[in-house]
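Undergrad: Using this note's numbering, read the sequence shown as starting at 1 and increasing by one per residue.
Every residue gets a Cβ at the ideal spot worked out from N, C-alpha and C, and that includes glycine.
Computed from a predicted model, the values in this text were never measured in an experiment.
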Amino acid sequence: MIEQTTAFQPGWVSPPGDTIADLLEEKSWTQAEFAQRCGYTTKHVSQLINSKASITEETAIKLEKVLGSDARFWITREVQFRESLARQQEFDALEKNADWLKKLPLADMVKYGWLRKFKHKGQQVAECLKFFGVASVDAWEKRYAEPIAAFKASNKFKKNDAAVSAWLRQGEREAADIVCAPFNKAGFKQALNEFRALTSEPAPDKFIPTLVQTCARVGVSVVLAPAPKGCPISGATRWLSPDKALLMLSLRHKSNDHLWFAFFHEAAHLLLHGKKMMFLEIEGLDNKHEKEADKFARDWLIPPSEAKELLSIKKNDAGIEAFAQKTGVAPAIVVGRMQKEGYLPWGSFLNKFKVRYQWNHEG
1 MIEQTTAFQP GWVSPPGDTI ADLLEEKSWT QAEFAQRCGY TTKHVSQLIN SKASITEETA
61 IKLEKVLGSD ARFWITREVQ FRESLARQQE FDALEKNADW LKKLPLADMV KYGWLRKFKH
121 KGQQVAECLK FFGVASVDAW EKRYAEPIAA FKASNKFKKN DAAVSAWLRQ GEREAADIVC
181 APFNKAGFKQ ALNEFRALTS EPAPDKFIPT LVQTCARVGV SVVLAPAPKG CPISGATRWL
241 SPDKALLMLS LRHKSNDHLW FAFFHEAAHL LLHGKKMMFL EIEGLDNKHE KEADKFARDW
301 LIPPSEAKEL LSIKKNDAGI EAFAQKTGVA PAIVVGRMQK EGYLPWGSFL NKFKVRYQWN
361 HEG
């Protein structure tokens with residue numbers, strides 16, 4: 001893959017004073033004559049031309065009368081120039097935060113199309129702040145790094161909180177484009193029943209739209225986004241508002257049995273564990289909430305009454321397919337469950353029932 005770097009683009013706009021000077025030269029006017037026509041001192045005219053004095057609304061109206069361009073033109077030129085000047089100053093000031101960029105999985109964020117890459121460090125910092133929707137690195141720390149650090153401390157795992165924050169933020173960004181009805185707990189449970197049959201659809205371009213649209217109708221925004229380097233997370237849930245939840249999946253293990261288990265696991269957090277907590281699904285977590293979510297996903301996909309038969313299933317194609325059809329889920333889910341229970345080896349030939357996925361950027 002060829003990586004394209006965007007050159008430094010401060011959006012520089014020439015000073016409006018340059019335009020005034022050009023028009024004076026075109027009309028063969030001295031600054032003194034121009035000052036007289038405007039009713040200004042020559043000192044003030046000099047300041048206008050050198051952009052040391054701003055073009056106010058009153059000045060713009062005078063320039064309209066004297067130089068011929070309308071007042072809106074002059075006001076717009078002034079605003080654009082001052083904005084470009086402020087932006088240039090901001091980029092220069094933000095260069096002091098260049099070390100923050102080293103914490104972020106910048107290469108993956110660019111590769112996934114989440115943001116653009118710039119040569120100028122200050123402009124790159126500005127681009128990343130815009131991605132996170134914050135005005136400063138301090139604001140990023142409070143909005144993203146600190147909550148994730150608290151989760152890490154309570155769950156005793158060590159991962160790159162900046163990478164995790166980038167992934168979660170992308171979920172927020174995509175969820176903002178998903179129009180959801182207010183959260184409906186009963187409706188979400190009903191949807192989960194429908195999704196058991198949906199597990200048998202192998203094509204992501206068919207089951208993902210159904211998954212997203214159905215969940216949106218009951219207040220859950222479902223987002224699938226690749227996890228960048230340093231973010232080994234399968235899924236996450238958080239409440240964006242009291243009426244809208246975010247359920248994220250990363251397709252970490254890239255097979256349909258893992259994808260669906262992760263989905264039902266995250267759904268459990270939304271149904272069982274209130275609206276104040278954030279959950280990140282990471283291998284090795286073994287607390288009460290994670291155990292409850294695992295049990296929920298396990299029992300929802302293959303109810304306990306039917307799971308009792310797993311040990312006696314014939315370990316061949318026909319046996320797996322017959323049980324899957326009877327249970328109403330994809331054969332891959334049956335295989336994955338049997339492997340988890342120790343009834344099948346992880347390298348079983350029955351893994352052929354598992355559908356493998358990849359992201360577009362991996363194709």
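Looking at the structure shown, is Lys308 part of a helix, part of a strand, or coil, going by DSSP?
TA: Taking the sequence shown and counting its residues from 1, one reaches residue 308 at position 308. Here Lys308 sits in coil by DSSP.
Undergrad: Between Ala227 and Ser250, is the Cβ-Cβ spacing less than 9 Å?
TA: Locating residue 227 in the sequence shown gives position 227, counting from the first residue. Locating residue 250 in the sequence shown gives position 250, counting from the first residue. Yes.
Undergrad: Less than 8 Å between C-beta atoms, sequence neighbours within five positions excluded: which residues of the same chain meet that for Ala93?
TA: As a position in the sequence shown, residue 93 is number 93, starting the count at 1. Around Ala93: Gly122.
Undergrad: Please list, in chain order, all residues of the same chain as Trp140 whose beta carbon is under 6 Å from its beta carbon, the five residues on each side excluded.
TA: As a working mapping, residue 140 is identified with position 140 in the sequence shown. Only Phe132, Val134 meet the Cβ criterion.
Undergrad: Output the residue ranges of the alpha helix (DSSP H) runs that lie fully inside the region 254 to 308 and measure 4 residues or longer, sorted by chain position.
TA: Entirely contained in the region 254 to 308, the alpha helix (DSSP H) runs reaching 4 residues are, in chain order, 256 to 272, 288 to 301, 304 to 307.
Undergrad: Going by beta-carbon coordinates alone, are Pro163 and Leu104 separated by less than 9 Å?
TA: One-based indexing of the sequence shown puts residue 163 at position 163. One-based indexing of the sequence shown puts residue 104 at position 104. The amino acid occupying residue 163 in the given sequence is Ala; Pro does not appear at that position. A contact, by the Cβ cut-off of 9 Å.
Undergrad: List the endpoints of the continuous beta strand (DSSP E) containing Thr237.
TA: Locating residue 237 in the sequence shown gives position 237, where the first residue counts as 1. Here the beta strand (DSSP E) through Thr237 covers 235 to 241.
Undergrad: Is Gln358 helix, strand or coil by DSSP?
TA: What you label residue 358 is simply residue 358 of the sequence shown in a count that begins at 1. In the structure shown, Gln358 sits in coil (DSSP, three-state: anything other than H, G, I, E or B).
Undergrad: Check whether the region 186 to 206 touches the region 339 to 353, taking contact to mean three or more Cβ pairs, one atom from each stretch, closer than 8 Å.
TA: No, the region 186 to 206 is not in contact with the region 339 to 353.
Undergrad: Can you confirm whether the region 324 to 341 touches the region 84 to 99 when touching is taken to mean that 3 or more C-beta pairs between the two stretches lie within less than 8 Å?
TA: Not touching, per the Cβ criterion.
Undergrad: For a test of the three-state rule: what should DSSP assign to Lys117, helix, strand or coil?
TA: Your numbering for residue 117 matches position 117 in the sequence shown. Coil at Lys117, not helix or strand.
Undergrad: What three-state label does DSSP hand Lys244 in the structure shown?
TA: Here residue 244 corresponds to residue number 244 of the sequence shown, with the count starting at 1. Here Lys244 sits in strand by DSSP.
Undergrad: Could you give the distance in angstroms between the alpha-carbon of Tyr357 and the alpha-carbon of Pro202?
TA: The count along the sequence shown starts at 1 and reaches residue 357 at position 357. The count along the sequence shown starts at 1 and reaches residue 202 at position 202. Approximately 10 Å between the Cα atoms of the pair.
Undergrad: Beta-carbon within less than 7 Å of Thr41's beta-carbon, same chain only, minus the 5 sequence neighbours each way: which residues are those?
TA: Position 41 of the sequence shown, counting from 1, holds the residue named residue 41. Excluding sequence neighbours, Thr41 sits near Ala35.
Undergrad: Give me the Cα-Cα distance between Arg217 and Arg169, rounded to the nearest whole angstrom.
TA: The residue labelled residue 217 in the question sits at position 217 within the sequence shown. The residue labelled residue 169 in the question sits at position 169 within the sequence shown. Rounded to the nearest angstrom, the two C-alpha atoms are 22 Å apart.
Undergrad: Just to confirm, are Arg77 and Thr19 a CB contact at a threshold of 9 Å?
TA: Taking the sequence shown and counting its residues from 1, the one referred to as residue 77 is at position 77. Taking the sequence shown and counting its residues from 1, the one referred to as residue 19 is at position 19. Yes, the Cβ-Cβ distance between Arg77 and Thr19 is below 9 Å.
Undergrad: Looking at Met277 and His382, is the spacing between their C-beta atoms short of 9 Å?
TA: Because the chain spans 1 through 363 in this model, residue 382 falls outside it and cannot be assessed.
Undergrad: Pull up the CB-CB distance for Gln31 and Ser46, whole angstroms please, since I reckon it's below 8 Å.
TA: In the sequence shown, the residue the question calls residue 31 occupies position 31. In the sequence shown, the residue the question calls residue 46 occupies position 46. That belief holds up - the Cβ atoms of Gln31 and Ser46 are roughly 6 Å apart, short of 8 Å.
Undergrad: What are the boundary residues of the alpha helix (DSSP H) that includes Val376?
TA: What is shown of the chain runs 1 to 363, which leaves residue 376 out entirely.
Undergrad: Per DSSP, Ser221 is paired with what?
TA: Translated into positions along the sequence shown, residue 221 becomes position 221. Ser221 is bridged to Leu246.
Undergrad: Where Gly319 and Val179 are concerned, what is the direct C-alpha to C-alpha distance, given to the nearest angstrom?
TA: For the purposes of this step, residue 319 is taken as residue 319 along the sequence shown, with counting starting at 1. For the purposes of this step, residue 179 is taken as residue 179 along the sequence shown, with counting starting at 1. Looking at the two C-alpha atoms, the distance is approximately 42 Å.
Undergrad: Which of helix, strand or coil does DSSP assign to Lys43?
TA: By one-based count along the sequence shown, residue 43 stands at place 43. DSSP places Lys43 in helix when its eight states are reduced to three.
Undergrad: With distances taken Cα to Cα, identify the nearest neighbour of Ala149 among Gln213, Phe263, Leu280.
TA: Mapped onto the sequence shown, residue 149 falls at position 149. The shortest C-alpha separation from Ala149 is found at Leu280.
Undergrad: Determine the extent of the alpha helix (DSSP H) in which Ile20 is found, giving its start and end residues.
TA: Within the sequence shown, the letter at position 20 stands for residue 20. Taken as a continuous stretch (DSSP letters only), the alpha helix (DSSP H) holding Ile20 covers 16 to 27.
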